[in-house]
Each structure stands twice: as C-alpha cells, then as structure tokens.
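So the protein lines, in turn, are chains A and B.
Residue 1 is where the first sequence starts when you use my numbering, and the numbers rise one by one after that.
Residue 225 is where the second sequence starts when you use my numbering, and the numbers rise one by one after that.
No residue lacks a Cβ here, since even glycine has one placed at the ideal position from N, Cα and C.
Data block below; observations after.
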Amino acid sequence: MIRVMSVSKVYNKGEPNQVRAVWEVSLHVPQGEMAVVRGPSGSGKTTLLTLIGCFARPSSGEIQVAGKPISRLPEKFMTLHRRKHVGMMFQQFNLIQDLSVEKNVAIPLYPLQLSGRLIDERVDALLHMVRLDKRRAFPVKRLSGGEQQRVAIARALANDPEIVLADEPTAHLDTALSQELMTMLQALKAEGRTIVIASHDPVVYGHPSVDRVLTMKDGCLSEV
Amino acid sequence: MILNPWVIAMYVSLLGMTALYLYAWIISLQIVKRWDAASMEQGQLMLERRSHLAAIIIQYGFWIQVMSLVLFYVTLESVSEVIPGAMCATGSLQANSFGFPSLFVKIAATILCVLWLSLHHVDSRLEDYRLTPLKFRVLLFLAPLVVVDLAFQFFYFMELDPEIISSCCGVVFEIEGKGLGASVASLPPYPMMIAFYGAIPFLLLVGLVFAREATPWGYYTYSGLGVLFFLLSILAIISFISPYVYEAPTLHCPFCLMRQDYGYIGYLLYLLLFGAFLLSLLPGLLELLKGKGLAVHQVVRGLQRKALNISLVLWGLFVIVPTLIIVVYEMRSGAGHLFD
Numbered sequence: 001m002i003r004v005m006s007v008s009k010v011y012n013k014g015e016p017n018q019v020r021a022v023w024e025v026s027l028h029v030p031q032g033e034m035a036v037v038r039g040p041s042g043s044g045k046t047t048l049l050t051l052i053g054c055f056a057r058p059s060s061g062e063i064q065v066a067g068k069p070i071s072r073l074p075e076k077f078m079t080l081h082r083r084k085h086v087g088m089m090f091q092q093f094n095l096i097q098d099l100s101v102e103k104n105v106a107i108p109l110y111p112l113q114l115s116g117r118l119i120d121e122r123v124d125a126l127l128h129m130v131r132l133d134k135r136r137a138f139p140v141k142r143l144s145g146g147e148q149q150r151v152a153i154a155r156a157l158a159n160d161p162e163i164v165l166a167d168e169p170t171a172h173l174d175t176a177l178s179q180e181l182m183t184m185l186q187a188l189k190a191e192g193r194t195i196v197i198a199s200h201d202p203v204v205y206g207h208p209s210v211d212r213v214l215t216m217k218d219g220c221l222s223e224v
Numbered sequence: 225m226i227l228n229p230w231v232i233a234m235y236v237s238l239l240g241m242t243a244l245y246l247y248a249w250i251i252s253l254q255i256v257k258r259w260d261a262a263s264m265e266q267g268q269l270m271l272e273r274r275s276h277l278a279a280i281i282i283q284y285g286f287w288i289q290v291m292s293l294v295l296f297y298v299t300l301e302s303v304s305e306v307i308p309g310a311m312c313a314t315g316s317l318q319a320n321s322f323g324f325p326s327l328f329v330k331i332a333a334t335i336l337c338v339l340w341l342s343l344h345h346v347d348s349r350l351e352d353y354r355l356t357p358l359k360f361r362v363l364l365f366l367a368p369l370v371v372v373d374l375a376f377q378f379f380y381f382m383e384l385d386p387e388i389i390s391s392c393c394g395v396v397f398e399i400e401g402k403g404l405g406a407s408v409a410s411l412p413p414y415p416m417m418i419a420f421y422g423a424i425p426f427l428l429l430v431g432l433v434f435a436r437e438a439t440p441w442g443y444y445t446y447s448g449l450g451v452l453f454f455l456l457s458i459l460a461i462i463s464f465i466s467p468y469v470y471e472a473p474t475l476h477c478p479f480c481l482m483r484q485d486y487g488y489i490g491y492l493l494y495l496l497l498f499g500a501f502l503l504s505l506l507p508g509l510l511e512l513l514k515g516k517g518l519a520v521h522q523v524v525r526g527l528q529r530k531a532l533n534i535s536l537v538l539w540g541l542f543v544i545v546p547t548l549i550i551v552v553y554e555m556r557s558g559a560g561h562l563f564d
C-alpha cells in the first residue's frame, strides 16, 4: 500500500541552517497493517508522516501509494490525493476552535460537492462512531482534550480514507483515553485501512494491534 | 492629443495589464531558463508555484483584455465626436496611422491569450507538468504583444489631432471607393450571400461528420475551414449583413453595428463570431500536442470534442442572427430586396 524508497527531506538545503529531517528512509506498509514509528522529538517522525500524507514533497527518493508515485505530483494533485486517500490526525488536533463539532467534521466533505443531506448523514455516522452525538452543536473550544481528539479522529475519517496517519495521537490524553483511542484505531485497521502512527508513547507502540514498530533517530529509520 | 475619461480609462487598464503581463513574462523567463522537471530542489518547487501565479495573472489578464477591447471601441466612438470628419469608430481609427494596427494587435493578443489559456487548461490536468516549459515559451511571445498593444495605443491617442480631418465610414467602406475597406464593401452582395450560406453547411458537415470521427485530419480540416469561414464572415458582415442591419444598401460599416441605434446587435454578432472562430481553432491546434504522451492525448481528446461541439453551436447561432435580420427585413418590406 505505502512504499517509501530512499526518501530524504532536507530543509534549507545548502544554507547554514540546513536540516536533514529525513534521510534515506525506506519503508513498506502493506494494506491493512498498523505501523508505529517511534523516536524522540525532532527525530523526523512528523516529517515522514507529512511526506507519506502528501503534505510535503521529499527532497529525493520516491513514495508510492497503491503503486502510484506521489512524490513528484503538482500541488493541485497532492491536494486531490490527500482529499481522496488520506486521513490525518495532527498532534495539536488543528481543529477550528470557534466552529461546532459537526462543522469541523464536515470540513473535508465540502470540496467533494456532496449534497447537504449526504454530508449530514456522514457526519452523523462519524459522530456516532466517536460517541460525540450529543456534542454535535458544541463549539470545539468547549470540549475536553479527549473529546477534541475524538473530533480530530472523526474529521480524519470523514473522506473515508484508505490511509490513516496519526501524529502523536495520545500526546494530550491520559492512559485510559489513550487505550480508548487505540481501540478505535484497531477497529479502523479491522476495516482494512492502513495506519501509520508517529508516537513515543508505550501505550501506542506496545498495543497488541500494532503490527510493526520502527524507530527513527536523526532522520534515519530502523526496524525494532 | 485627445484626453477624455474614456482615454484615461484605456491608459489605466492597459498600464495595469502590461505590468501584470511583464511580471508573468519575467516568471516565464525564469521557468524557460531553470525548469527541471526531475529536480526535487526547493528552487524547482518555487518555480512550480510561480508558474501557477503566472497562469492566474494571464487568466485575469484575459478578462481585462476582453474588457479593454470593448473599452477601446467605446473610446473610439467617444473621440469620433471631436475628430472632424469622423462619424464613428471607423473615422477615429482612420485618424492616424496607429489606429487600425492598434486594433489588430489588440485582437491578436486576445486570440493568443485564449490559445495560451487552452494550453494551460491541458497542462493543469497533467500530473507531471509535461507542457509547462512549452506553455511558458509561448508566454514569452504573448507578453511583448501586450507591450506593443500599449505602445500602439499610447502613440495612437498621442497623435490624435482634432485639427486633422478624418474620413467617415461612408467613405472608408464606399462602394467603388479606394482602399481595402471599399474593396470589401464593393463585393457583390448576392454572390457573397451564396458563398456565405453555401460554406456554412459544408463547415457544419465537416464538424458533425468528419471531425467527430476524431481523426487528426478531421480536426485539421475543421480548424482550417474555421479560419476560412471566419474570414468569409468578416467579408459577409461588411458586404451584405451590415447593409441589412442599417436597411441601407450603401452603408457597410462593421463598427456602427455595435451602436445603440441598431440594438447593439454587433456585440452579439462579434461575440458569436470570435467565440466560434477561437473554439474551431482548438481541435486542430490541440491535435499538435497529442504526440506528447498518453496522458496529454487523453486530456486533449476530451477538450477537442468539447471545443468542437461548442464551436458548432456558436457557428450555427452566428449564422442564425443575420439570417433573422434579413428575413425580418424581407418580410417587412414585402420581399423588396435591399440590393435590387
């Protein structure tokens, strides 16, 4: 499903503040597998996720998703690829605080030109899945950290993606909520979605549903 | 020099447009010199982003260009009031040597702009920027044309002298007069009508049957015929369509058609004519791109069909409008033919 081949990402190349965020990383995650990339802060985990998720382009190497090369796509097609195939959970959630829960979840659906009724149905199903039905009209800023995380999950799944990427998804959650989140991700995996998580939380990489754990250090990746 | 609000508006719009096009031209130069599709460097990413910016500039520039074409006509009409001898835009254009060249450069820039936007339309649907270098090489020619347009307009209005007598459209398009306009006006109306109404079924037939088979020669033939029919239509407007609009066999001005007195019918006629002409050019021109890979082939094929179908409709509408004018005139005058 996801094939990363000798990918590097260098910021400010050739300048004094050059940063080698990802270096010669190769990785293969088959469909329906859950992989965790662990490593200390600044090791390049988030950069690797953004490259897989088509949020940024690598400096060299190639990334393929379902056999299709995505590392050289024009930005317009990167957006289309993300919109169709990728669901991303950001470390800081990146929710729009003043909008309601339902609006936040519906945002990825607006560019798909679906009817209002279809959007409502999809949002209903997602909010039911993350058990936020009763918080539907609440502004996101009035929710707890755990609830916001669940909104972020619902939004990431709004476009029914084949690939779910989660960046430090338990960073703001206690152990119980982290376990709950992993159960949700396990259910997504059972649906055949490919999941890549960046985390240094033992609750995540020690979870029984995780198929592979990889370690990232100074931009380089190694399998545990 | 003549300055009135319309002339000032012309200058302002043209200066703004030229500044935008020059910026797009600089971007084009950078792309032509440094584009490397295989590169993943930051510099290439910046070029890709600038290429989008340049395309947006040209898209907006096109609409400004269309508006400036209309504004040019309105300005010509307004200055005709102070130029001795001029009765309409024709007299204004005749007032000095920059008039008609200015109009032709403006039309040429607009046509090239449409062709560039079509190329951009194809390129923006490709996942590998395959046509980007070609697109920006073409843009290198478009931007200077806009500068020439500005220069011609500037010199045209600078050289306008209310002391110098110009000619009215009745003289410029006088039957058996001198000059190109008079030669066209002198074309025999009935043979021209036969040529015009004989050519359109042929063009539509080629479009509906031959070109729809999507063969390269079908598209080339259709586009070639589109050019010929466009020229024939211009001749037809001067030789017999405009006299029917004016209900006067000796008046052949192609500009007065756009006046309020004649219900602004000229705007409709020219909109249909130029729309049909440009869209009928596309199938043949786009055919030239098909050798650039399977992805280009697929995108071009869809666009060719769309352009072909819309151009056929526009050609049909273009012929219907003058036909209705002629029929209404003949019915009202009890089949008293205008040129008899």
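- Ranking A:103, A:44, A:12, A:4 by CA distance to the CA of residue 29 of chain A puts A:4 first.
- Counting along the chain, residue 60 of chain A sits inside the beta strand (DSSP E) bounded by residues 60 to 65.
- For residue 270 of chain B, not one C-beta of chain A is nearer than 8 Å to its own C-beta.
- The shortest CA-to-CA distance from residue 207 of chain A to any of A:178, A:223, A:80 is the one to A:178.
- With respect to the C-alpha of residue 535 of chain B, the residue from B:449, B:549, B:470, B:310 having the closest C-alpha is B:449.
- Burial is judged here by how many other beta carbons sit within 10 angstroms of a residue's own beta carbon; residue 551 of chain B has fewer than 16 and is exposed.
- Under the Cβ distance rule, residue 382 of chain B does not count among the residues neighbouring chain A, no pair being separated by less than 8 Å.
- Inclusion of residue 477 of chain B and residue 334 of chain B in the CB contact set at 8 Å is not warranted, their separation being larger than that value.
- In this structure residue 283 of chain B is exposed. Its beta-carbon is surrounded by fewer than 16 other beta-carbon atoms within 10 angstroms.
- As the crow flies, the alpha-carbon of residue 443 of chain B is around 51 Å from that of residue 90 of chain A.
- Between residue 132 of chain A and residue 152 of chain A, the C-beta gap is not smaller than 8 Å, which leaves the two residues out of contact.
- Rounded to the nearest whole angstrom, the C-alpha separation of residue 337 of chain B and residue 242 of chain B is 13 Å.
- Around the CB of residue 289 of chain B, 16 or more other CB atoms lie within 10 Å, so the residue is classed as buried.
- Nearest Cα to residue 95 of chain A within the set A:216, A:145, A:21, A:58: A:145.
- For the 8 Å CB-CB criterion, residue 147 of chain A and residue 135 of chain A form a contact.
- Against chain B, the beta carbon of residue 93 of chain A has no neighbour under 8 Å; the closest one sits roughly 28 Å away.
- Residue 331 of chain B and residue 117 of chain A have their alpha carbons spaced roughly 48 Å apart.
- Listed along the chain, the chain A residues whose CB falls inside 9 Å of the CB of residue 252 of chain B amount to none; the nearest CB is some 18 Å away.
- Sixteen is the threshold: when 16 or more other Cβ atoms of the shown chains lie within 10 Å of the Cβ of residue 528 of chain B, as they do, the residue is buried.
- Excluding its 5 nearest sequence neighbours in each direction, residue 213 of chain A has C-beta neighbours in its own chain below 7 Å: 36, 38, 205, 224, listed in chain order.
- The beta carbons of residue 149 of chain A and residue 93 of chain A sit about 7 Å from each other, so the pair counts as a contact at 8 Å.
- Under the DSSP definition of a beta bridge, residue 214 of chain A partners with A:37, A:223.
- Within the segment 50 to 63 of chain A, 57, 58, 59, 60 place their CB atoms closer than 8 Å to a CB of chain B, listed in sequence order.
- Annotation for residue 240 of chain B: 288 place their beta carbon closer than 8 Å to its own, counting only its chain and skipping 5 residues before and after.
- The C-beta of residue 77 of chain A comes closer than 8 Å to at least one C-beta of chain B.
- Of the other Cβ atoms in all chains shown, fewer than 16 fall within 10 Å of the Cβ of residue 202 of chain A; this residue is therefore exposed.
- Counting only runs of at least 4 residues, the segment 84 to 161 of chain A fully encloses the following alpha helix (DSSP H) elements, listed from N- to C-terminal order: 101 to 106, 116 to 129, 145 to 156.
- Residues of chain A whose Cβ lies closer than 9 Å to the Cβ of residue 348 of chain B are, in chain order, 74, 76.
- Residue 543 of chain B places its beta carbon 8 Å or farther from that of residue 493 of chain B.
- Under DSSP, no beta-bridge partner is assigned to residue 294 of chain B.
- Sequence-distant Cβ neighbours of residue 297 of chain B in its own chain, meaning closer than 8 Å and more than five residues away, are 313, 479, 482.
- Relative to the Cα of residue 557 of chain B, the nearest Cα in the group B:391, B:236, B:286, B:472 belongs to B:472.
- Taking C-alpha positions only, residue 371 of chain B is separated from residue 126 of chain A by approximately 56 Å.
- Excluding sequence positions up to five before and after residue 411 of chain B, its CB lies within less than 7 Å of the CB of 459, 463, all in the same chain and listed in chain order.
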